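See below for the structure under consideration.
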Amino acid sequence: MQRKYIPVNFRRASFWWFIAQYAFMYLGSLFVIVGLSFFLLGSWDYLPSVYGFILSVPDLTPNIGLFWYFFAEMFEHFRLFFLCVFQINVFFYTIPLSIKLKEHPVFLIFMQLAVISIFKSYPTVGDLALYMSFLPVWSHLHRFLRNIFLVSCVLLACSALFPVLWHLWIYAGSANSNFYYAITLLFNVAQILLVSDYFYAFLRREHHLTYGLYLKRKDGSEATLVLK
Amino acid sequence: MNILLKTKLHISATGIYMEAAHWLVEHSQATTSNGGQRDNNAVNSPQTAAETAEQAVGERRWEATEAEAAADRQDTTAGESSLPASVPRPRDDFQEELVIRPLHSGDIYASFQFRTVWETDFMKGNKVSHYRLFPKSLGQVISKFSVRELHISFTQGYWRTMRWGQPYQPSPPGAELWVWFQDSVTDVDGTSAQCVLQTAGYRQRDGPPIPSLCHPPREIVCTENLTPWKKLLPCGSKAGLAVLLKSEKLFHSSFHSQAGKREWSLFKMFSRTLTEACPLASSSKIYIDVTDNPQGDQFEVSPATPLLSQAVVLGDRRTFSVYDLTQQITFGTVRSLNLLIRWKSSEGDMLRPLLHAERYVAGYGLQTGEIHTLMYNNHPYRSFPVLLLDSVPWYLRLYIHTLTVTSKGKDNKPSYIHYQPSKDRVRPHLLEMLIQLPPNSVTEVTVQFERALLKWTEYTPDPNHGFYVGSSVISSLVPSIVAMDTNSTQERPLFSSFFPCKEESSYFVRVYTEPLLVNLPTPDFSMPYNVICLTCTVVAVGYGSLYNLLTRSFQIEEPSPGLAKRIANIIRKMRGVPPL
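Chains as they are written, first to last, in UniProt numbering: chain A, 1 to 228; chain B, 1 to 580.
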């Protein structure tokens, strides 16, 4: 089923056949996993315990994500609303990204991984490591990156401060949870900046591939590219 | 069918420990008042001031105490009503007594006991409307919820078993509620106690006969709890022994023993003396434990009394001086009774209790910790099994794989372990183990745990004080001291084969450990708005950047002319002239 380019033409039967194949494969794998888990456990209890747990966020153990402190301080009345808002962030970037990056599936999956690891309910450093290990694939984008120095400094500083402030809060007792929460915020901002910077660089390179590298304005002077 | 209702109030002279109330409701067979299944169940005799009668009454009274200390009372306890067989049995009866026990540390253990016996039929579901001595509120609760047995206790402070000996009625710090329902009850969902006291609802436990235990570890015993309890007594706090339970002295009493002359009196402890017995009571007595004072060399009691009584209490034979408040001569010419106890010597060595337990939390920091439970078996040569029941709240996540039980440094495998895991915000951990304690040893049970971060609404008003973890309950059948040979330094194996201890010479003991106080990590409670704003800002930053990149495309930027030129161009366009 691998193709370089999938034509979206609603009148062609081949398109619907492709859709059917894809849906069958996806749903089939999903049911295989769910069914195997059922046979392993013998009951359906794992569905609310695994998927329900990830979606409803009952446990508030501090981690490097945004959810724990937010829902520790949330008013009970608004909990469901904000839970939906936060969980939607994980999923709703999929369709716009896949429309924009339909010719570049590898970069699409990189972007999707990054978005998931930032906005998921219980992120870990392992999720960060997963998408950051793909960065050398796009080493050719480094000339178009704008904020890489800032991002790397912030990420390094946060990595150093995370264990320090955790120790101060939990063991030394001289800091409180706000310190650790601030570093969490900073860490996530740095991640977002990193991902959007790479996205910008990728799109800019695509533009230069189409229109040339040294662009000139109408009067011949050097042009600047902006997003409009 | 008898319903036996007891209320108990235990006070120690240091004023720290107070057990406010304890109810026991049991159903016994309405047989003749002659004998039961107990060994030393004496024959009923008229309540006269004769020594034998006192002894019999005393024995009956004390065996009732032992009997009620048993956890599952399903068989009969006939002979509870200590009334003579010749007199036709009245429908209900009220007795009160006060047991005073001078402790070796110089403290006084005063135990009030008010007993209301009522013959009526609750089980058949008849509507009972006429209440005389029995409190109506409790009777309605019992009949409405088909309760077979009910224990409620409120306790403040902690009973120091090693210093003061075994309490007559052990109960854990805070509030405790045990309920046994009749078999007709299938759904244990109780709010019945709320109409009587401020206790929380019941919790369902599996296994017949459906007992339920509710155990909030820190229920503050205050005047609001004591006043409705006093209303359950027939005389209230107007006459009889309950007049001593005036709240302000009770809660502010602090008894300090001065160096040298130590003295205690009723007036000193309760700020009032006794003037009369409760008129509705058929018996009203004060017992003073004089077992440790056979020749009168430890302390002196005044006014003197000729009445003596003996009983076996907690496996030990004790002698009591009796003051009968229904007799006018007890009050003397001044028409008031003020008991006085004066200590002569300051020495005193107490027999250590056979079973003793401690519990503490080890570890540092707010993330993990370790609960250690220590159980002491002080018997020199007998080992006995104990049942350890632990109910740990869900926010301490126990790692049961780290559970270890060691005795004398070696691993001691429990013969029975039952563990029910917790569910967040639904139920706590339940751990039950049957451990054999070797003689003269310390057994240590350790389990590690992790602390959870709660939602900010789930914290108590003072979150940095910590959270209380209820006491663990250790129940056991302990070999009796009476049966213990005093020549314990001799070679035991030879002697024990010639003089084996009988099995019934053991008594049931329930020991409660201290409640634990654990700190949980707390969020900052002043910050909900700030946290919501900041987190939503970060999410919006992410959304904004990605939205920009997804919806916009690159264009060459044409520099825009200065402001003056732009205004000039607008005017020129209006005039129809080509722009600059």
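For glycine and all other residues, C-beta sits at the position ideal for the given N, C-alpha and C. Quick caveat: nothing in here was measured; it's all calculated off a predicted structure.
Taking the C-alpha atoms as reference points, what is the distance between B:S480 and B:T443? The C-alpha of B:S480 lies about 21 Å from the C-alpha of B:T443.
Taking C-beta pairs closer than 7 Å, name the residues in chain B that A:K100 reaches, listed in chain order. By Cβ distance, chain B contributes L550.
Pair within 7 Å by beta-carbon distance, B:L477 and B:S506: Annotated as proximal: B:L477 and B:S506, with beta-carbon spacing under 7 Å.
Under a three-way DSSP split, which group does B:A311 fall into? Secondary structure of B:A311 (DSSP, three-state): strand.
Against chain B, with Cβ distances strictly below 7 Å, would A:S121 count as a contact? For A:S121, the answer is no, since every Cβ of chain B falls outside 7 Å of its Cβ.
Taking a Cβ distance cut-off of 7 Å, strictly less, list which residues of the stretch 190-221 of chain A are near chain B, in chain order. Going along the stretch 190-221 of chain A in chain order, one finds I192, S196, F199, Y200, L203, R204, H207, L215 and R217 with a Cβ nearer than 7 Å to chain B.
Distance CB(B:A239)-CB(B:E276) smaller than 7 Å: Taking 7 Å as the cut-off, the beta carbon of B:A239 is found closer than this to the beta carbon of B:E276.
Return the chain-ordered list of same chain residues with a C-beta closer than 8 Å to the C-beta of A:L141, the five sequence neighbours on each side being excluded. By the criterion of a C-beta distance shorter than 8 Å, A:L141 is surrounded in its chain by Y198, A201, F202 and R205, once the five residues flanking it on both sides are discounted.
Bridge partner(s) assigned by DSSP for residue 625 of chain B: There is no way to answer for residue 625 of chain B, as the model of chain B reaches only from 1 to 580.
Short Cβ contact (7 Å threshold) for B:Y468 with B:L517: A contact, by the Cβ cut-off of 7 Å.
Exposure label - B:V392; buried when at least 16 CB within 10 Å: By the Cβ-count criterion, B:V392 is buried, with 16 or more other Cβ atoms from all chains shown falling within 10 Å of its own Cβ.
With respect to the beta strand (DSSP E) encompassing B:H356, which residues constitute its N-terminal and C-terminal limits? Run containing B:H356: L355 to A362, per the beta strand (DSSP E) assignment.
Rounded to whole angstroms, what is the Cα-Cα separation between A:V151 and A:L194? Straight-line spacing of the CA atoms in A:V151 and A:L194 works out to 6 Å.
Where B:L232 falls, given that 16 or more other Cβ within 10 Å makes a residue buried: Buried, since its Cβ has 16 or more Cβ neighbours within 10 Å.
According to DSSP, simplified to helix, strand and coil, what is B:K238? The answer is coil: DSSP assigns B:K238 none of H, G, I, E or B.
Could you tell me which of A:G212, A:Y211, A:V189 and A:S221 sits nearest to A:I64, measuring between CA atoms? Comparing C-alpha distances from A:I64 to each of A:G212, A:Y211, A:V189 and A:S221 shows the shortest one belongs to A:V189.
Three or more C-beta pairs below 8 Å linking the stretch 431-441 of chain B and the stretch 362-373 of chain B: No, the stretch 431-441 of chain B does not touch the stretch 362-373 of chain B.
Could you name the residues of the same chain whose beta carbon sits closer than 7 Å to that of B:L403, not counting the 5 residues immediately before and after it, in chain order? Taken in chain order, the residues that qualify are V447.
A:T61: contacting residues in chain B (beta-carbon distance under 9 Å): Correct list: E450, A452 and L453.
Give a yes or no on whether 7 Å exceeds the smallest Cβ distance from A:S14 to chain B. For A:S14, the answer is no, since every Cβ of chain B falls outside 7 Å of its Cβ.
For chain B, find out if any of its Cβ atoms is closer than 7 Å to the Cβ of A:P58; answer yes or no. Residue contact with chain B for A:P58: present (Cβ-Cβ distance below 7 Å to some residue of chain B).
List the residues of chain B that A:N147 touches, going by C-beta distances under 8 Å, in chain order. Within chain B, no C-beta atom comes nearer than 8 Å to that of A:N147; the closest sits roughly 10 Å away.
Output the distance between the C-alpha atoms of B:S271 and B:I341, rounded to the nearest integer angstrom. Approximately 15 Å, taken between the alpha carbons.
B:G296, enclosing alpha helix (DSSP H) - first and last residue: B:G296 -> no alpha helix (DSSP H), and no H or E assigned at all.
Should A:S174 be flagged as near chain B, meaning a C-beta pair shorter than 7 Å? In terms of beta-carbon proximity, A:S174 stays away from the interface with chain B, with every pair separated by 7 Å or more.
Strictly by DSSP, which residues pair up with residue 645 of chain B? The question about residue 645 of chain B has no answer here: the residues shown for chain B are numbered 1 through 580.
Does the beta carbon of residue 288 of chain A sit closer than 7 Å to a beta carbon anywhere in chain B? The structure shown does not extend to residue 288 of chain A, since chain A is modelled only from 1 through 228, so no value can be given for it.
Could you check how far apart the C-beta atoms of A:L227 and B:R552 are, in whole angstroms? I think they sit under 8 Å. Confirmed, about 4 Å.
Of the residues B:S526, B:S472 and B:V313, the one placed nearest B:H429, counting alpha carbons only: Check the Cα spacing between B:H429 and each of B:S526, B:S472 and B:V313: the tightest is with B:S472.
Closest residue to B:T333 among B:Y543, B:V313, B:A362 and B:P303 (Cα-Cα distance): Of B:Y543, B:V313, B:A362 and B:P303, the residue nearest in Cα terms is B:P303.
What did DSSP end up calling B:F114 once you bin it into helix, strand or coil? DSSP, read as helix, strand or coil, puts B:F114 in strand.
Where A:F179 and B:Y399 are concerned, what is the direct C-alpha to C-alpha distance, given to the nearest angstrom? A direct Cα-Cα distance of roughly 29 Å separates A:F179 from B:Y399.
What does A:A223 reach in chain B if we use C-beta pairs closer than 8 Å? Residues of chain B with a Cβ closer than 8 Å to the Cβ of A:A223 are, in chain order, I556 and E557.
Can you check which of these residues, B:Q113, B:I474, B:S545 and B:I571, is closest to B:K230 by C-alpha distance? Minimum Cα distance to B:K230 is reached at B:Q113.
Report yes or no: is there a C-beta of chain A within less than 7 Å of the C-beta of B:P528? By this cut-off, B:P528 is an interface position.
On the three-pair Cβ rule with 8 Å, is the stretch 60-75 of chain A touching the stretch 535-550 of chain B? Yes, the stretch 60-75 of chain A is in contact with the stretch 535-550 of chain B.
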